[in-house]
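Asks:
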Amino acid sequence: MSYLEYNTKRMPAGLAKVLYLNWPLVALLIAVACYGFIMLYSVAGGSAQPWAEPQMKRFAAGLVIMFFIAFVPLWFWRSVAGLAYGLTILLLLGVEFFGSVGMGAKRWLEIGPMRLQPSELAKITTIMALAAYYDLLDLKKVSRPLWVALAAVIALVPAALVLRQPDLGTALLIALGGGVVIFAAGVHWGYFAALIAAGVGVVTTVLQSRGTEWQILKDYQYRRIDAFMDPTLDPLGAGYHINQSMIALGSGGWSGRGFMEGTQARLNFLPEKHTDFIFTTLAEEFGFVGASSLLLLYMLVMGVCLLSAFNTTNRFGALVTLGITGTFFLYFAVNMAMVMGLAPVVGVPLPLVSYGGSAMIVLMVGFGLVQSAHIHRARLPS
Amino acid sequence: MKRTEREKEFSQRMISRRALLLGGVQLGVAGSLMWRLRDMQLNQAEQFHLLAEENRINLRLLPPTRGLIFDRKGVLIAGNEQNYRVVMKRDDAGDIDLVLSRLAQLIRLSDDDIERARRDMLRNRPFVPVTVAERLSWEEISRVASNAPALPGVTPEMGLSRYYPLYEDMAHVVGYVGPVSERDLEALEAPDPVLLIPRFQIGKSGVERMQEDQLRGRAGSQRVEVNAVGRVMRELDRVEGTPGGNLHLTIDAKLQNYAIERLHGLSAAAVVLDATNGDILALASGPSFDPNLFVRGISSTAFRGLLDNDFRPLVNKTVQGLYPPGSTFKMVTALAALEAGVTDGQERVFCPGHMDVSGNRFHCWKRGGHGRVGLVSALSESCDVYMYEMAQRCGIDKINEMSTRLGLGIRYELPITSVSAGLNPTREWKQRNRNSDWRIGDTVNASIGQGFVLASPLQLAVMTARLATNKAILPRLLRDPIDRAERESASLDLRPEWLRLIRRGMVETVNDRRGTAYSSRVVADGQLMAGKTGTSQVFSITRAEREAGIRRQEDLPWNRRNHALFVDFAPYDDPRIAVAIVVEHGGGGSSAAAPVGRDITLAALNGGVPPLSAYPSPQRNRIRAEQLDLEERLRTPEALRVSRA
């Protein structure tokens, strides 16, 4: 009857749901967020302002949101999945036509005093929509081309809209998050093999389009690709960020330069040290011990969620859990690979650690769904 | 939708299998991330650490303070002054044209300055600071500082720069400093790294150049931590440099100033030696130039003006200028004859105004001849025929030997640039350089300081000092208290009775009614002057000119007139001062050079403008007028204040 007992037969109700929460997951998320608070305090030069304190408040708000979503019965989320997805598409179209421009991209919708970033929302709703789709779909039709194509459309429409903003990083996360759900739902592996082959083709096409009239990406994105291929090519230009990041990361050594002693961060050699490159700062100041322990924490989060997915008999819950954790994984894997010079600089934050409001709230919403699936895993009333 | 139990079972199994697969892939990716982390942080940590240190640590050289130069009494000749300047870095400036145009609105910047700054910035690496403007006023530098946000890459700085408070007085002696050039660097095997500091200044001529090693000092260094845009965050450590050593010259700045002003309007040189030890008290070459112009970077028009000037201000005539010594050489010929024993000094020679030597007629300057002249009157009246006779008797070798003994034809070791050796012509020299045998006519010409003989004013002053003291006086410019006592000049070992005769001839030149410099005599007690005039021919008056009616020097264009020379020592009984004067194309030694020599000698003996009582009373009114004119140009006592502690 405790939350450690996974194969529950009874659906908890009321305050009892608190006992059925995935508490190890909550503890792990708090631990990860603490890494963020410490590093934000450090990069601000030993001050809670301007980053650490707002981040704490936002995380607290995120926790509240997570609990709220967790306690709402999962079937409610399944029933609103289609609606949420449709709304997201409308908002993305709104951005396309009425969005406000910032840093060379249209990402925000201004509704009254609120600033909404629908692309963040899309990460969750796409997963929800696909999970609901596969929950409703007859199991025999899962691998039929028409139904696979429909699932692909559900995943790719928001991704394409986000790519047009342009926001390559988020578009990739949406598409890949959708892909994880489709894969988990049991679609035949042949489609994925074909997709990978096609992906190679697309990459080639994108690279080929450079300099022509139908150039697909912006110039700065091509330059980032160049810098990724060979950061030493232009150490003061495109490759500067990755170069400086690798220097900072490598110079951390085993135990790092010490709290608030990272020279690369403190002397501004690191760009975006409080957002995309916060992992570098961690690695510089706390060395291999600090950096690898955060990576281990992330893996534990993954492990706890996967375990929860194994133990639920609810198809929607399992698919949502796998989709959210897949997205979460992509966040930190792409970010870490980026700062280590293994991936291009695409502007993906380190989840729960990087400074930034919307990404954190969206993740907490996602984990709220995971928690809801965990609490309501026993059975779904029809 | 409703599902059967079997379907649920199938769905769960499928999801678990796929989740396991996903987990496996994720574990693999995380593993490779961990591997990469380990590789960078544990295996390559040292390289990256080094790179990080290179990023943040800059080594900067601290230029040493250059040593000061003082005169013999402690008057500052070359000092360092605070200098506000503006430096600019290309990489921080971004659009350098825009920043420069903004800067030009705040401080005075000529188009040349802007162009030079632009060029320097584009030539150097982007983070090398380039000096845009120097010697700014406090107001200008504060304008720049308060507009800093609009002037990226621009920093106001304070430094020291060389200045010469005595302006043109010392230009030829101390020279000047200037920025290190490519040629300077190439000339050195292992250049001091401090030379690579942009616009670091080193001695370019004179004492500044020759004593560079002592004046420069040793650079200090500073390790600073810089941030990504190159701003200095803090100093990590600092090694102080050693300032350059100060120098004390033998020059008397006040006398030098007097000499320079006395030469005003002339193309001339004056050398004053302490006859007892060879200290150079004044080394004046006129006209001179302001060395400060060269430190600041002289404009091309000003430089052209100096180059095109007929009076050649850039040439140090005292040591670099070589002139036929003319009659001032007669002491050498006479002394050579006495030492060779070809005359007893009492013998008289008849001068009919000319002498025929192997078919050529050599004239005495006095067309009518001097009649019968002895050695003393041959000097005081400057008889050429007497010298022709003596030179033929003793021969060029003896003359040459005496000339060398008296200090002619020798390059002195002095810390100034372009010291000339002069020329003591010998048989071998002529064979080698002119490819012909020495002829008796050459000896005759040499006997009166013409022909091949060449000497600098400094050498003539040394000769005079040696005649006055019978010591092997060597000139020196650096006052070195340590070897002062040791440096007692060796005796020349000339027979005192011969020297007495020569000096007699010199004192009568100035003080005997028939002497060539009688009009420049001194009447003050204890300041009796002994001297010798000289007039050296530069061009002969051609036959065409003679037929056109040109007989006198004044009728010739300036640059064809004779050089006027005068050497003297004083006081006669106890020589303390030896002087040599050359007035280029001055006409005649007695009229153009002797009065200059007299005034400078008196100034040296009296420590300032000579009292009128030293001059014969009929001349006093004229002299007074000259002095009033000159006093206006002299530096104030304030400017010649002793500043050494």
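Quick note, the sequences are listed as chains A and B, same order.
Under this note's numbering, residues 40 to 421 are what the first sequence spells out, in order.
Under this note's numbering, residues 447 to 1091 are what the second sequence spells out, in order.
From the three backbone atoms N, C-alpha and C, an ideal C-beta is built for every residue, glycine too.
Just to confirm the assignment, what range does the beta strand (DSSP E) spanning B:Thr-1082 have?
Replies: It is not in any beta strand (DSSP E) - B:Thr-1082 carries neither H nor E in the DSSP assignment.
Asks: Taking the continuous beta strand (DSSP E) assigned at A:Met-375, which residues delimit it?
Replies: Element bounds for A:Met-375: not the beta strand (DSSP E) but the alpha helix (DSSP H), 354-378.
Asks: Less than 8 Å between CB atoms is the rule here; does B:Ile-461 satisfy it with respect to chain A?
Replies: yes
Asks: With which residues is B:Asp-802 paired in a DSSP beta bridge?
Replies: B:Arg-807
Asks: List, in chain order, every chain A residue whose beta-carbon is nearer than 9 Å to that of B:Arg-482.
Replies: Met-375, Ala-376, Met-379, Gly-380, Leu-381
Asks: Just the chain A side, please: which residues come within less than 9 Å of B:Gly-468 by C-beta, in chain order?
Replies: Residue identity check: residue 468 of chain B is Leu in the sequence provided, not Gly. In chain order: Val-219, Phe-222, Ala-223, Leu-345, Leu-361, Thr-364, Gly-365, Phe-368.
Asks: Counting beta carbon pairs with one atom in the segment 968-983 of chain B and one in the segment 1007-1015 of chain B, are three or more of them shorter than 8 Å?
Replies: yes
Asks: Apart from the five residues just before and just after B:Asp-1045, which ones in its own chain have a Cβ nearer than 6 Å to its Cβ?
Replies: Cβ within range, chain order: Arg-708.
Asks: Using a Cβ-Cβ cut-off of 8 Å, state whether B:Met-486 counts as contacting chain A.
Replies: It does; some Cβ of chain A falls within 8 Å.
Asks: Let me know if A:Tyr-370 comes out buried or exposed under the rule of 16 or more other beta-carbons within 10 Å of its beta-carbon.
Replies: buried
Asks: Report, in whole angstroms, the separation of the C-beta atoms of A:Leu-339 and A:Ala-170, which I expect to be a contact under 8 Å.
Replies: About 24 Å; that fails the 8 Å criterion.
Asks: Taking only beta-carbon atoms, is B:Glu-628 less than 8 Å away from chain A?
Replies: no
Asks: What is the DSSP secondary structure of A:Tyr-279, reduced to helix, strand or coil?
Replies: Three-state DSSP puts A:Tyr-279 in a helix.
Asks: Return helix, strand or coil for B:Gly-977, following the three-state DSSP convention.
Replies: strand
Asks: Report the neighbours of A:Ala-322 on chain B: residues whose CB is nearer than 9 Å to its CB, in chain order.
Replies: Leu-483, Met-486, Gln-487
Asks: Which residues in the same chain have their Cβ closer than 6 Å to the Cβ of B:Asn-846, if we skip the five residues on either side of it in sequence?
Replies: Asn-870, Thr-872
Asks: Assuming the contact rule is C-beta atoms closer than 8 Å, B:Ile-854 and B:Gly-868 should be a hit. Round their C-beta distance to whole Å, please.
Replies: In the sequence as displayed, the identity of residue 854 of chain B is Leu instead of Ile. Contact flag correct, Cβ pair sits at about 6 Å.
Asks: B:Tyr-609 lies in the beta strand (DSSP E); which residues open and close that run?
Replies: 600-609
Asks: Could you check the C-alpha separation between B:Leu-488 and B:Val-475 for me, to the nearest Å?
Replies: 20 Å
Asks: Between which residues of its own chain and A:Met-78 is the CB-CB distance below 6 Å, once the five residues before and five after are set aside?
Replies: Ile-317, Thr-320, Leu-321
Asks: B:Lys-535 touches chain A at which residues, Cβ-Cβ below 7 Å?
Replies: Residues of chain A passing the Cβ test: none, with the nearest at roughly 14 Å.
Asks: Who are the neighbours of B:Gln-458 on chain A, taking C-beta pairs under 7 Å?
Replies: Thr-352
Asks: Following the continuous beta strand (DSSP E) through B:Met-534, name the residue where it begins and the one where it ends.
Replies: 522-534
Asks: Comparing alpha-carbon positions, which option in B:Glu-614, B:Leu-546, B:Leu-568, B:Val-908 lies nearest B:Asn-593?
Replies: B:Leu-546
Asks: Tell me, please, whether the CB atom of B:Met-679 is closer than 8 Å to any CB atom in chain A?
Replies: Yes, contact with chain A.
Asks: At 3 residues or longer, what runs of the beta strand (DSSP E) sit wholly inside the segment 736-815 of chain B?
Replies: 795-797, 800-803, 806-809
Asks: Grouping DSSP H, G and I as helix and E and B as strand, with all else coil, what is B:Glu-847?
Replies: helix
Asks: At the level of alpha carbons, what is the spacing between A:Val-111 and A:Gly-216?
Replies: If you take the alpha carbons of A:Val-111 and A:Gly-216, they lie about 23 Å apart.
Asks: Any idea if B:Arg-1068 is buried or exposed, counting beta-carbon neighbours within 10 angstroms, 16 or more meaning buried?
Replies: exposed
Asks: Applying a beta-carbon distance threshold of less than 7 Å, which residues of chain A neighbour B:Arg-464?
Replies: Phe-222, Ala-223, Gly-225
Asks: Output, in chain order, the set of chain B residues within a Cβ distance shorter than 8 Å of A:Ala-372.
Replies: Gln-472, Val-475, Ala-476, Leu-479
Asks: Between B:Ala-636 and chain A, is there a C-beta pair that is closer than 8 Å?
Replies: no
Asks: Give, in chain order, every residue of the segment 47-62 of chain A whose Cβ lies closer than 8 Å to some Cβ of chain B.
Replies: none
Asks: Verify whether the separation of the beta carbon atoms of B:Arg-685 and B:Pro-771 is less than 8 Å.
Replies: Position check: residue 685 of chain B holds Val in this sequence, whereas Arg was assumed. Contact: no.
Asks: Would you say A:Ser-86 faces chain B, with C-beta separation under 8 Å as the test?
Replies: no
Asks: Interface residues of chain A around B:Phe-646 at Cβ under 8 Å?
Replies: Correct list: empty, because the minimum Cβ distance to chain A is about 27 Å.
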